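The structure appears below as structure tokens.
Residue numbers (our numbering): 7 to 81.
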């Protein structure tokens, strides 16, 4: 399992999710993607995205004025 990071700070909905979706396609099953996002809709958007796509939403934290979203790619 590898961990990758995507900096989507400053991007508005739906760009953070679209960029994460593209990045996840290139990852192996079980890999984790950590997304940094400032969009206030990010928690809801990533929750819905993971539910729809079957990925595991590991955590959503808000610190330092941005969200850190950790997603594990489905197997």
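Using N, Cα and C, we set each Cβ at its ideal position, and we do this for glycine too.
All values reported here derive from a predicted model rather than from experimental measurement.
{"Item": "Where residue 42 sits in the DSSP three-state scheme", "Value": "strand"}
{"Item": "DSSP beta-bridge partners of residue 69", "Value": "72"}
{"Item": "Own chain residues within Cβ distance below 7 Å of residue 49, not counting five before or after", "Value": "66 and 73"}
{"Item": "Cα-Cα separation, residue 63 to residue 16", "Value": "22 Å"}
{"Item": "Alpha-carbon to alpha-carbon, residue 10 and residue 80", "Value": "15 Å"}
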